[in-house]
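Numbering (the working numbering), first residue to last: -6 to 411.
This report refers to the structure that appears directly beneath it.
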Amino acid sequence: MQKKKNILSTLRACCKLAAVPLLMAVVLPNWAQAAQLTTLLDFDGNNGAYPDSTWVLDGAGSLYGTAKGLGYAGSVLKLSPPAPEYTAWTLTRLSKFNSPSDGYQPGPLLQGQDGNWYAVTVSGGTNGVGTIFRLAPPAVGQTKWTRTTLFNFDSTQAPLSSARLLRDKSGNLYGTTFDGGAGHGGSVFRLAPPAAGKKGWTLSTLVNFNGTNGTLPFGGLIMDASGNLYGTTWWGGVDDDGTVFRLSPPAVGQSEWVLTTLVDFDGTHGNFPVAGLVADKVGHLYGTTTRGGANGLGTVFKLSPPLPGKTTWRLTTLADFTATSGHYPFAPLLRDASGNLYGTAFIGGADDDFGTVFKLSPPVTGQTAWTLATLVDFDGTNGKSPFAGLVRDALGNLYGATNSGGQYGFGTVFKVSP
């Protein structure tokens, strides 16, 4: 119990401001693949503050995200690229949370196929422990966005839900709660749209974590073509070092979802995975741990499906973080079509532990080692402590946010150009 309290305190403090042999990554000097960093927006407190969620890029090149505020409970924001004759990006507040009763601290946005945006609030709402909301674009000829609270969590269901939601083809929303559910070990939930003729959305708890099967799922979920959900727990499992899990839909004639632990971390290959996962086309899973590995500063790992006739997933360490490469990766990785992985590290780097943007490249022909390169070392002036992840456009530019630093100290939105 004391260990749980200690790691909870660590993460909250940061928010506030069958294994195979290791494949050691080559770590290049910071200058080796340095990229150009451009600050698109400095938060000043009035236009937002302390962004900690990954932003979303639309087809027109606009960015959508959330931020806390000073004197109010947060905002949903749009950052639009400049017209050809201008250089400044334009910030628009789409929705403002005026009081905790509206919901407090909106999390990362999900754009549904219906064109609406969905997210959780970390706390607030009717019961003070968070909400799920929908934000609809203006109707034709209108300018006002419409925010609707779909669900108010209560203390037995889901306090501390802060991960991005997942939406299936039927409109169901899936998410995780960090400290909710029976026993307060966290849970996975599904929020179903109203049935025909009804108005209320229905929340179902798909699994309650109990320590043995993992506990404290902080990251979001991904889904495969068969409807299986994959995620991580920051703690719990055999060694209390966290897990990767799969949650499978009920078999025909059954009602219970089936939880399978794919990996129990042991420290050697990393421990305490906070972020969610990304997958490639053949079912490999990629993620990060915030601690453990060769240097005790976290890892990037790959999880491969069982070989034919086998049942054990294969865990490979692709990179071990160092003090200068950055560590404490809290956001999911981003994977491009060439298999490169991109991410942010909350602390570490060359400049006073202000964090980094990194790239991890697959081995070249004839080699086995992945190559870890620092693209950006934050220095405080250009931002610091990137808690959020990255999004990439068709030209290879990366976009993200820093939780603090910048001109006013309240964080930034940035662009990294190759």
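Here a beta-carbon is modelled for each residue, glycine too, at the ideal position from N, C-alpha and C.
C-alpha gap between A81 and L300, whole angstroms = Here the question's residue 81 lines up with position 88 in the sequence shown. Here the question's residue 300 lines up with position 307 in the sequence shown. Whole-angstrom Cα-Cα distance: 52 Å.
Rounded C-beta distance between R385 and L290? I'm assuming under 8 Å.
-> By one-based count along the sequence shown, residue 385 stands at place 392. By one-based count along the sequence shown, residue 290 stands at place 297. Their Cβ separation, rounded to whole angstroms, is 25 Å, which puts R385 and L290 out of contact at 8 Å.
Quick one: residues in its chain with C-beta nearer than 7 Å to the C-beta of D95, no 5 flanking neighbours on either side, listed in chain order?
-> Translated into the one-based positions of the sequence shown, residue 95 becomes position 102. For D95, where only same-chain residues beyond five positions count, the Cβ hits under 7 Å are A66 and G117.
R284 lies in the beta strand (DSSP E); which residues open and close that run?
-> The sequence position of residue 284 within the sequence shown is 291, counting from 1. Here R284 belongs to no beta strand (DSSP E), and DSSP marks it neither H nor E.
Let me know if S397 comes out buried or exposed under the rule of 16 or more other beta-carbons within 10 Å of its beta-carbon.
-> Here residue 397 is taken as the residue at index 404 of the sequence shown, counted from 1. Per the 10 Å Cβ criterion, buried.
Environment of P322 [buried if 16+ CB atoms lie within 10 Å] | Along the sequence shown, one-based indexing puts residue 322 at 329. It is buried - the Cβ of P322 has at least 16 other Cβ atoms within 10 Å.
Cβ-Cβ distance between F347 and D372 below 7 Å | For the purposes of this step, residue 347 is taken as the residue at position 354 of the sequence shown. For the purposes of this step, residue 372 is taken as the residue at position 379 of the sequence shown. Contact: yes.
Are G193 and G207 closer than 7 Å when you measure CB to CB?
-> Here residue 193 is taken as the residue at index 200 of the sequence shown, counted from 1. Here residue 207 is taken as the residue at index 214 of the sequence shown, counted from 1. In this structure, G207 does not lie closer than 7 Å to G193 by Cβ.
When you compare each of S148, G224 and G164 to T195 by their alpha carbons, which one comes out closest?
-> Numbered from 1 along the sequence shown, position 202 holds the residue referred to as residue 195. Checked all of S148, G224 and G164; the closest Cα to T195 is G164.
Where does P99 fall in DSSP's three states?
-> Locating residue 99 in the sequence shown gives position 106, counting from the first residue. Looking at P99 - three-state DSSP - the assignment turns out to be strand.
Once you ignore the five residues that flank G204 on each side, which residues in its own chain have a CB closer than 7 Å to its CB?
-> In the sequence shown, residue 204 corresponds to position 211, counting from 1. G178 and G229.
When the distance is taken between beta carbons, is V271 closer than 7 Å to P325?
-> Here residue 325 refers to the residue found at position 332 when the sequence shown is read from its first residue. Here residue 271 refers to the residue found at position 278 when the sequence shown is read from its first residue. Yes, Cβ-Cβ distance for P325 and V271 is below 7 Å.
Starting from H320, follow its DSSP beta bridges and name the residues at the other end.
-> As a first step, residue 320 is located in the sequence shown; it is residue number 327 there, counting from the start. H320 pairs with I340.
Can you say whether L10 is buried or exposed, counting buried as having 16 or more other CB atoms within 10 angstroms of its CB?
-> Translated into the one-based positions of the sequence shown, residue 10 becomes position 17. Its pLDDT being 40, under 50, L10 is placed unreliably in this model, and the coordinates cannot settle the point.
Just the C-alpha distance for P186 and P243, rounded to the nearest angstrom, thanks.
-> One-based indexing of the sequence shown puts residue 186 at position 193. One-based indexing of the sequence shown puts residue 243 at position 250. In a straight line, the C-alpha of P186 is about 19 Å away from that of P243.
Going by other Cβ atoms of all chains shown within 10 Å of its Cβ, with 16 needed for buried, is Q106 buried or exposed?
-> Taking the sequence shown and counting its residues from 1, one reaches residue 106 at position 113. Result: exposed.
Nearest to S410 by CA position, among N390, Q400 and G58, is which residue?
-> As a working mapping, residue 410 is identified with position 417 in the sequence shown. Of the listed residues, the one whose Cα sits closest to S410 is N390.
Is S354 helix, strand or coil when you go by DSSP?
-> Here residue 354 is taken as the residue at index 361 of the sequence shown, counted from 1. Here S354 sits in strand by DSSP.
At a Cβ threshold of 7 Å, is P379 touching chain D?
-> Structure shown: chain D not included; a single protein chain is present.
Excluding the 5 residues preceding and the 5 following P131 in the sequence, name in chain order all residues of the same chain whose CB lies nearer than 7 Å to its CB.
-> The sequence position of residue 131 within the sequence shown is 138, counting from 1. So the list reads K137 and W138, once near-sequence residues are dropped.
By Cβ distance, which residues of its chain are closer than 7 Å to Y97, with the 5 residues on each side in sequence left out?
-> Residue mapping note: residue 97 aligns to position 104 of the sequence shown, counting from 1. Closer than 7 Å at the Cβ level, and outside the excluded window around Y97, lie A66, G67, F90, T114, V115, S116 and G117.
What number of angstroms, rounded off, separates the C-alpha of L33 from the C-alpha of G260?
-> Taking the first residue of the sequence shown as position 1, residue 33 is located at position 40. Taking the first residue of the sequence shown as position 1, residue 260 is located at position 267. C-alpha separation (whole angstroms): 38 Å.
Contact check, T367 vs T349, beta carbons under 7 Å = Mapped onto the sequence shown, residue 367 falls at position 374. Mapped onto the sequence shown, residue 349 falls at position 356. Cβ atoms of T367 and T349: closer than 7 Å.
Near R160, what residues of its chain come up, given a Cβ to Cβ distance below 8 Å and the 5 sequence neighbours on each side ignored?
-> Locating residue 160 in the sequence shown gives position 167, counting from the first residue. Counting only Cβ-Cβ distances below 8 Å, and skipping sequence neighbours, we find L103, G105, Q106, Y111, L166 and Y167.
Out of D273, T253, G336 and E249, state which residue places its alpha-carbon closest to the alpha-carbon of T225.
-> Here the question's residue 225 lines up with position 232 in the sequence shown. For the residues D273, T253, G336 and E249, the minimum Cα distance to T225 belongs to T253.
Who does L34 pair with in a DSSP beta bridge?
-> Counting from 1 along the sequence shown, the entry for residue 34 is found at position 41. Per DSSP, V406.
Which one or two residues does DSSP pair with R140 in a beta bridge?
-> To locate residue 140, count along the sequence shown from 1; it is residue 147. Paired residues: L128.
Can you list, in chain order, the residues of its chain whose CB lies under 8 Å from that of D55, leaving out five sequence neighbours each side?
-> The sequence position of residue 55 within the sequence shown is 62, counting from 1. The identity of residue 55 in the sequence shown is Ser, whereas the question assumes Asp. If we look at S55 and ignore the five residues flanking it on each side, its Cβ neighbours are K71, L72, S73 and P74.
Could you please give the first and the last residue of the uninterrupted beta strand (DSSP E) stretch that includes N201?
-> For the purposes of this step, residue 201 is taken as the residue at position 208 of the sequence shown. N201 -> beta strand (DSSP E) spans T195 to N201.
Identity of the residue in T304, N375 and A268 nearest P101 by Cα | Taking the first residue of the sequence shown as position 1, residue 101 is located at position 108. The shortest C-alpha separation from P101 is found at A268.
Helix, strand or coil for G204 per DSSP?
-> Counted from its first residue, the sequence shown places residue 204 at position 211. It is a strand residue.
Which partner residues does N145 have in the DSSP bridge list?
-> Within the sequence shown, residue 145 is the residue found at index 152, counting from 1. T124, per the DSSP bridge assignment.
Pairwise C-alpha distance: F171 and A53 = Counting from 1 along the sequence shown, the entry for residue 53 is found at position 60. Counting from 1 along the sequence shown, the entry for residue 171 is found at position 178. Rounded to whole angstroms, A53 to F171 spans 34 Å at the Cα level.
Just how far apart, CA to CA, sit T292 and G62?
-> For the purposes of this step, residue 292 is taken as the residue at position 299 of the sequence shown. For the purposes of this step, residue 62 is taken as the residue at position 69 of the sequence shown. Distance between the alpha carbons of T292 and G62 is about 33 Å.
Please go through the same chain and pick out, in chain order, the residues whose beta-carbon is closer than 6 Å to the beta-carbon of S155, but skip the five residues on each side of it.
-> Counting from one through the sequence shown, the residue named residue 155 turns up at place 162. Contacts found: G100 and V115.
Distance CB(L50)-CB(V369) smaller than 7 Å | Taking the first residue of the sequence shown as 1, we reach residue 50 at position 57. Taking the first residue of the sequence shown as 1, we reach residue 369 at position 376. No; because the gap between Cβ atoms is not below 7 Å, this pair is not in contact.
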